[in-house]
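Residue numbers are given in the numbering used here: position 395 of the sequence shown equals residue 396, and the series is strictly consecutive.
Backbone N, C-alpha and C fix where the C-beta goes; we use that ideal spot for every residue, glycine too.
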Amino acid sequence: MSGFLEAQGPSSVSHWIASNRGPGSLHNHGKEDSLPETADIVIVGAGISGALLAYYLANPEERYGDVPKGRTIVVLEGAEVASGATGRNGGHFAPATFMSYPNLIRSRADGGAGVSKREAVRILRNEWDNYERNTAVIKLHNLQDKVELWQGRVMTVYGSEDELRDALETHRQWEEALAEEGLSDWSGNKFYTDTHEVLKFTTELLKLAIASERDHISLFTGTPVIDVSETQASSGQDVRTNRGTIRAKQIILCTNAHTPHLFPEDHPLKTFIFPSRQQMGLVTPTTSFAGTRALQTTYGFPKGYCATTSGGIVVGLGERVYVSEGCGSAEDFIGNSDDTTVLPGCTEYLESFMASTMIGWGEQALGEGLTRTWTGVKGHTIDRLPLVGPVPDRKGLFLSAGFNGHGMSTTHTCARALTQLVLNGTWDQDFPEAYILSPPRLERQLPEGGYVRLITGAHEPAA
Ligand SMILES: Cc1cc2nc3c(=O)[nH]c(=O)nc-3n(C[C@H](O)[C@H](O)[C@H](O)COP(=O)(O)OP(=O)(O)OC[C@H]3O[C@@H](n4cnc5c(N)ncnc54)[C@H](O)[C@@H]3O)c2cc1C
């Protein structure tokens, strides 16, 4: 897991990380600088969540009220900017559609999220909001070229008539739920998506925050937080790092899969969030799928997904499929936080994935096909929902984590809502209540079958 927390050696290098090491990146930023002794706010983790928090804190919206200027805000990153899930993902920014509806309303005992129909509608509406806000920020700062923004449609491919029939039935139930709320599908039943270089977007957001003339915002990479003191002191809490300690009034953990490390053994957050590893690949298309013949949509296939980027096609499969295809055991993925190695079985599967999925792929020249493969670690929660809000009984400590492998469509609204909470103590009224971190939520139990069943068999009722 990103090397710094456990002595596992250097992390594997993703396509996004490999293509972002030039002078314009924030690699090594602040690594040699001295840490301040105090800060108003410390953000731990510089993935997309930490970067969005820094961005919104530096650009408070009017509705937050009177936010004091000149605050000291420090971002501490244990490894490099976006070196966690953000810099290792599939680059697929697709708001969830009606297809997520069954998992949202299924009971928690059966591995679902167990929310009401109304809350499910609110959650899916929130993902649409997330999509629109991401592109709005990119366009507001003219970052389209820098982050290589591409907007289009996502195509879902069904493997059999039965699967298609099930999907149509789910769609019927979804339309019914919308009608009960007096709504119609906001996307017009067209499934939008974008891809953009999220590592570059994270970098640009942090640069905008650091350039703030309103507050003093600084970023320190290579600075793992070892622990956060448990005091209730009104003067703040101590954030202990390998390079010194900062006393902060407010601390926001944007540490996703790594969050359990910062809590004691008997704390519910030690097990509520758990890691799961996934392997991805970069495929250089054959000329049959290049230029005017390049893929015009991103795809969700029965056994994987892909997103076209200017550098090629990023392809991945979920753990469930890797396991069922015999690429590895459940334990190779679930509960595993090692991003330093890849699995030979997954690599072999990825090597033939596009050729066996796309009709007319053609013969691959040397250098075409799978050119790079890597692993990344996702932060899952036992109730399948992101976990955002104040940590109970820990004054001034907040969390935004547990994006269940789908953070491109949830991290923006989570960071925005948490900024409002940190600055004026209120929740955005559109924010899904089901995402809020509360003591009763932390009492939820892992369903029968544990983490493995949550990831590989959530659709099947308990035996
Ligand atoms: C292989 C893979 C494929 C994915 N594909 C998609 C996809 O196609 N679409 C989609 O929507 N989502 C996808 N996701 C999920 C998405 O990438 C995440 O939900 C999102 O990036 C989470 O962002 P984050 O900033 O919260 O967490 P992260 O990006 O994991 O950032 C956490 C940061 O905190 C730092 N950190 C942790 N602990 C400490 C500490 N103690 N001290 C200092 N720093 C610390 C880490 O180094 C890391 O940089 C995928 C994830 C993976 C791994």
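Asked, Found
"contact_flag[the region 278–287, the region 374–385] where n(CB pairs < 8 Å) is 3 or more", "yes"
"Separation of HIS381 from VAL229, as counted between CA atoms", "22 Å"
"GLN238: CB within 6 Å of a non-hydrogen atom of ligand 1", "no"
"Helix, strand or coil at PHE302 according to DSSP, with G and I counted as helix", "strand"
"Cβ shell of VAL122 (< 6 Å), same chain only, five flanking positions each side left out", "ALA178, GLU182"
"Residue interval of the beta strand (DSSP E) (run including TRP375)", "370–382"
"Distance cut-off 6 Å: ARG22 Cβ against heavy atoms of ligand 1", "no"
"Ligand 1 heavy atom lying under 6 Å from the CB of PHE379", "Before going on, a small fix: residue 379 reads as Lys here, not Phe. The answer is yes for LYS379."
"Euclidean distance between Cα positions of GLY313 and ARG109", "39 Å"
"Counted within 10 angstroms of its Cβ, other Cβ atoms place LEU297 as buried (16 or more) or exposed", "For clarity, residue 297 is Gln in the given sequence; the question names Leu instead. Label assigned to GLN297: exposed."
"7 Å Cβ shell around HIS460 - same chain, five flanking residues per side excluded", "Residue confidence for HIS460 is low, a pLDDT of 42 falling below 50, so the modelled location carries little weight and cannot support an answer."
"VAL158, buried or exposed, once every other Cβ within 10 Å from all chains shown has been counted against 16", "exposed"
"Environment of SER12 [buried if 16+ CB atoms lie within 10 Å]", "buried"
"Limits of the alpha helix (DSSP H) - the one that THR348 falls within", "345–358"
"N- and C-terminal bounds of the beta strand (DSSP E) containing ASP228", "226–229"
"For ASP34, three-class secondary structure by DSSP", "coil"
"Span of the beta strand (DSSP E), counted from its first residue to its last, around LYS208", "No beta strand (DSSP E) holds LYS208; the alpha helix (DSSP H) holding it covers 199–211."
"Reference LEU58; option with closest CA among THR287, ALA210, VAL315", "ALA210"
"VAL392 Cβ short of 6 Å to ligand 1 heavy atom set", "no"
"PRO440 beta carbon near ligand 1 (any heavy atom closer than 6 Å)", "no"
"Nearest to ALA435 (by Cα), restricted to the options LEU424, GLY71, PHE399, LEU125", "LEU125"
"Which of helix, strand or coil DSSP assigns to TRP151", "strand"
"Cβ shell of HIS30 (< 6 Å), same chain only, five flanking positions each side left out", "LEU220, THR222"
"Test item: CB-CB of LEU200 and ASN21 under 7 Å", "yes"
"Backbone secondary structure at PHE94 - three-state DSSP", "strand"
"C-alpha distance - GLU349 paired with GLY370, whole-angstrom precision", "12 Å"
"Where ALA80 sits in the DSSP three-state scheme", "coil"
"When GLY85, GLY292, GLY10 are compared against ILE18, the one with the closest alpha-carbon", "GLY85"
"Proximity test, Cβ basis, 7 Å: TYR452 and chain D", "Protein chains in the displayed structure number just one, and chain D is not present."
"For GLY317, the nearest candidate out of GLY305, GLU326, SER311 (CA to CA)", "GLY305"
"Residue closest to THR310, alpha-carbon to alpha-carbon, out of HIS93, ARG134, ASP163, HIS28", "HIS93"
"Contiguous beta strand (DSSP E) assignments of at least 3 residues, all confined to the region 268–294", "274–285"
"Extent of the continuous beta strand (DSSP E) to which VAL322 belongs", "Element bounds for VAL322: not the beta strand (DSSP E) but the alpha helix (DSSP H), 320–325."
"Beta-carbon gap between LYS250 and ASP41 smaller than 7 Å", "yes"
"Spatial distance of GLY368 from ILE335 (CA atoms)", "32 Å"
"Sequence-distant residues of its chain with Cβ nearer than 8 Å to CYS152 (five each side left out)", "Note on identity: in this sequence residue 152 is Gln, with Cys being the wrong assignment. Excluding residues within five positions, the ones whose Cβ falls inside 8 Å are THR136, TYR193, THR194, ASP195."
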